[in-house]
Structure formats: C-alpha cells, structure tokens
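Residue numbers for the sequence shown follow UniProt numbering, so the first one is 1 and each next one is one higher. Glycine included, C-beta positions come from ideal geometry on N, C-alpha and C.
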Amino acid sequence: MKILLTTTSFQDTPGAHHALLDRSGFDVVRARGPLNEGQMLALLAEHGPFDGLLNGDDRITRAVIDAAGDSLKVIAKYGIGLDSIDVAHATTRRIPVLYTPGVNHTTVAEHAIGLMIALAKDFVGHANAVKNGRWTRKTGHELAGKTLGILGLGRIGQEVVKRARAFDMRCVAYSPHWPEEFARQYDIVRADSADAVLPVADTVSLHMGLSDATRGFINARTLATMKPGATLINTARGGLVVETDIVAACRSGQLAGYATDVLDEEPIATDHPFLSVDSILITPHIGSRTAESVERQAVRAVTNLVDYLTGGKDYIQANRF
Numbered sequence: 001m002k003i004l005l006t007t008t009s010f011q012d013t014p015g016a017h018h019a020l021l022d023r024s025g026f027d028v029v030r031a032r033g034p035l036n037e038g039q040m041l042a043l044l045a046e047h048g049p050f051d052g053l054l055n056g057d058d059r060i061t062r063a064v065i066d067a068a069g070d071s072l073k074v075i076a077k078y079g080i081g082l083d084s085i086d087v088a089h090a091t092t093r094r095i096p097v098l099y100t101p102g103v104n105h106t107t108v109a110e111h112a113i114g115l116m117i118a119l120a121k122d123f124v125g126h127a128n129a130v131k132n133g134r135w136t137r138k139t140g141h142e143l144a145g146k147t148l149g150i151l152g153l154g155r156i157g158q159e160v161v162k163r164a165r166a167f168d169m170r171c172v173a174y175s176p177h178w179p180e181e182f183a184r185q186y187d188i189v190r191a192d193s194a195d196a197v198l199p200v201a202d203t204v205s206l207h208m209g210l211s212d213a214t215r216g217f218i219n220a221r222t223l224a225t226m227k228p229g230a231t232l233i234n235t236a237r238g239g240l241v242v243e244t245d246i247v248a249a250c251r252s253g254q255l256a257g258y259a260t261d262v263l264d265e266e267p268i269a270t271d272h273p274f275l276s277v278d279s280i281l282i283t284p285h286i287g288s289r290t291a292e293s294v295e296r297q298a299v300r301a302v303t304n305l306v307d308y309l310t311g312g313k314d315y316i317q318a319n320r321f
C-alpha cells in the first residue's frame, strides 16, 4: 500500500502515531501541507498512484479525486473539518472519507479562551511595546460579567462554555442541534437564531461548521448588528467571515478586536490586509496543535487509515454510500 501524508503537525510532533504508521508497512510519501489543488495534482502525477491520503487541510477537490484514479481507496482526514474535501464527489466515486471527531475539543477551547483574554488585555500590543523599550499601558477589560455569544454548541463550543462560566461570563448561544441537558446545567440562554446572538454579546466565539449556508456569515451586515466595541473570536473556519469586512469593522471601531486561528486561504499572504490592523490578532492555525491533541488526533487518523485498508473495523467514516 502507498500513502500520501501531507499534514505537518502529524509529522512535526513526536508520539505514538509515528510507530503506528511505521508498523503498517505502508510506503509513505511525505509532503508539507496545506496544499492547494495544483500542488496536490503535481504530487499525484509525480509520486502516485496512491492507495490512501492522510491529509490535513489540503484541497482534495473533484479534480484531485479524479486524478488519483481507481487506485485511491480511502481519504483519511487528520481532523474533523471536511470543507476542504469534495465529500460529495468522493461519495459518488464510493471512496470513504474518514475523520477524527472527539480528539481536539479541549485544546481548541483553551485556545479560544486564550484569544479572548489576549484581546481583552491587549497582550500582544503590551508585550511588543515592552520588548521595544516602551512602557506603554492601555486599559483593558475583564471577561467577568460580560456576555459571551457562542455560535455552535458541538464538542468545542461546549468546552468553551465550561471555561467561560468559570470566568463568570454569561453565555448565550445558537446551535442547530441544541444540547438541552448541557445548556440547563451551564445556564445557557438559547437564542432563536445565529443573528439573534450578535446584538447581545460582548464577545462572539465561532464554532460553526463551514458550508454554503454559513460561508461569509460574519459580513458587513451582521457586523453592524453587533455591540459597538465587541470582540470576535474564530477558531473554526476562516471562510465563516468576510475578511475585508472584518478589516473595515476593526478600523472603524465597530469591532474592538478580531482574534483568529484560521484564514480563508492559508498560509497568510504577505499582503493580507489583516497584517496592517493592530486590533487583529492571528495565530497560524495552531488551536489543535498541542502534543496531547496531535497524538490523539494522529493515532485516530492512522487507526482509521490502517484498519480500513487492512479490512479492520476500527475506523470512523463521515460519508455513506
């Protein structure tokens, strides 16, 4: 069996996942993602055919799936977000798409809370000022007593709520799938819609999946409904926001700050407008990149891949046919 491995955190982080993949005996070709469609096609042409892909946020498009040909038996996503994969076309081709739910919710939630604190206290601005010899101090804000709006109450959203409640934040949320018992336990106010969360929240944290329905949900119209001076946190997907509208809102003061771990196109371009706005904080998609989370996620992804290709049953499939 021949595998294309493209996820960088998998490759860069020590752990049991390396030995697990080595024991499979598969021929593993390694590349450094995230890769765009053209780069994926070039790899397939140069190093293929492959029996399986062990991928991160690479663009596994219709063209890539077709170029992989009949040899491609499985796509094993290292992660849970499937928006970079043409799952519908894979399903048509009867190629299973495997994924790794339930392995990174703790670390992503911690990252989201960290971004909230960083904006509220302007950690980056203050730290940079001191390192440049300036004792410049700005007055920040407490999280305690503020209202946190959560859009999406899946595993990650729920972990964010637990931590926010420990900070004495009031939580209001919208989620298509409402966890009634959890919401009651943590005293979450249920909003009628995602739009209804925005005007009442001091901070909004995005935990929605990216789809045609949610792409660009945060835009000039929805930003205008938010509290003046609110902050926005994104550890979900870059495509949930219209990035040019975020820039305008931060420059006008409608948003006091935007902190994101994700961009619509990664890595960031050198001329990206976010880079010129001090109130925009960007981390390089590291929300799930901790030693603990990487190993859990990678072991699950390898187990998915190996079990499927060797006739085992311990794999988690996202599509059905």
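**Q.** N-terminal and C-terminal residue of the beta strand (DSSP E) that residue 174 is part of
**A.** For residue 174, the enclosing beta strand (DSSP E) stretches over residues 170-174.
Q | residue 296, DSSP secondary structure in three states | A | Residue 296: helix per DSSP, three-state reduction.
(Q) Residues in the same chain with beta-carbon distance under 6 Å from residue 155, minus the five sequence neighbours each way, listed in chain order, please. (A) Here the set comprises 105.
(Q) Going by DSSP, what residue range makes up the beta strand (DSSP E) through residue 27? (A) Boundaries of the beta strand (DSSP E) harbouring residue 27: 27-30, taken from the DSSP string.
Q.
Could you give the first and the last residue of the continuous beta strand (DSSP E) run that contains residue 2?
A. That run of the beta strand (DSSP E) goes 2-5.
**Q.** Whole-angstrom distance between residue 262 and residue 283, CA atom to CA atom
**A.** If you draw a straight line from the Cα of residue 283 to the Cα of residue 262, it comes to about 7 Å.
Q. What span of residues does the beta strand (DSSP E) with residue 55 cover, start to end?
A. Following the DSSP letters along the chain, one finds residue 55 inside the beta strand (DSSP E) bounded by residues 52-55.
Q.
Do residue 62 and residue 18 have their beta-carbon atoms positioned less than 7 Å apart in this structure?
A. Contact flag unset, no.
Q) Do you know how far the Cα of residue 91 is from the Cα of residue 24? A) Whole-angstrom Cα-Cα distance: 26 Å.
Q: Could you pull the start and end residues of the alpha helix (DSSP H) that residue 230 belongs to?
A: Per DSSP, residue 230 lies in no alpha helix (DSSP H); the unbroken beta strand (DSSP E) holding it starts and ends at 230-234.
Q.
Just to confirm my understanding: we take residue 145, look at its own chain, exclude 5 residues before and 5 after, and list those with CB closer than 8 Å. What are they?
A. Closer than 8 Å at the Cβ level, and outside the excluded window around residue 145, lie 168, 169 and 170.
Q.
Is it buried or exposed, residue 16, if we count other Cβ atoms within 10 angstroms and call 16 or more buried?
A. Residue 16 is exposed by the Cβ-count criterion.
Q | For residue 77: DSSP bridge partner residues | A | Within the DSSP bridge table, the entry for residue 77 names 55 as partners.
(Q) I'd like the list of long-range same chain contacts for residue 229, defined as Cβ closer than 6 Å, with 5 residues on each side in sequence excluded. (A) Counting only Cβ-Cβ distances below 6 Å, and skipping sequence neighbours, we find 256.
Q) Among 300, 303, 288 and 243, which has the Cα closest to the Cα of residue 275? A) For residue 275, the nearest C-alpha among the options comes from 243.
Q. What's the C-alpha gap between residue 248 and residue 176?
A. So the alpha carbons of these two residues sit roughly 29 Å apart.
Q) Would residue 236 pass as a contact of residue 206 if the rule is Cβ separation under 7 Å? A) For residue 236 and residue 206, yes; Cβs fall inside 7 Å.
**Q.** For residue 222 and residue 123, the rounded distance between their alpha carbons
**A.** Roughly 27 Å separates the two Cα atoms.
Q. Can you tell which of 79, 27, 53 and 135 has its C-alpha closest to the C-alpha of residue 286?
A. Here the closest residue by C-alpha is 79.
Q.
Three Cβ pairs or more, each shorter than 8 Å: is that satisfied between the stretch 123-135 and the stretch 95-109?
A. Result no; under three Cβ-Cβ pairs closer than 8 Å.
Q.
Suppose the cutoff is 6 Å on Cβ atoms and the five residues either side in sequence are ignored; what does the same chain contact list for residue 32 look like?
A. Excluding sequence neighbours, residue 32 sits near 8.
Q: Would you please state the rounded distance, in angstroms, between the beta carbons of residue 87 and residue 319? I believe it to be under 8 Å.
A: That pair is a contact at about 5 Å.
Q | Bridge partners - residue 149, DSSP secondary structure assignment | A | Within the DSSP bridge table, the entry for residue 149 names 172 and 204 as partners.
(Q) As a quick exercise: from 187, 203, 71 and 21, pick the residue whose alpha carbon is nearest that of residue 95. (A) In terms of Cα proximity to residue 95, the closest of 187, 203, 71 and 21 is 71.
Q: Return the chain-ordered list of same chain residues with a C-beta closer than 7 Å to the C-beta of residue 28, the five sequence neighbours on each side being excluded.
A: Cβ within range, chain order: 3, 5 and 21.
Q. If we ignore side chains and look at the alpha-carbon of each, how far apart do residue 347 and residue 100 end up?
A. Residue coverage of the chain in this structure runs from 1 to 321, which leaves residue 347 outside it and unanswerable.
Q: Could you tell me whether the stretch 111-120 touches the stretch 209-227, where touching means 3 or more Cβ pairs closer than 8 Å?
A: Not touching, per the Cβ criterion.
Q) What is the rounded straight-line gap between the Cα of residue 250 and the Cα of residue 102? A) For residue 250 and residue 102, the distance between alpha carbons rounds to 34 Å.
Q) Helix, strand or coil: which one does DSSP assign to residue 257? A) Residue 257 sits in a strand when the DSSP states are folded into three classes.
Q.
Please return the same chain residues whose Cβ sits closer than 6 Å to the Cβ of residue 279, not counting the five positions on each side in sequence.
A. So the qualifying residues of the chain are 250 and 257.
Q. Hey, how far is the Cα of residue 197 from the Cα of residue 48?
A. So the two alpha carbons sit approximately 48 Å from each other.
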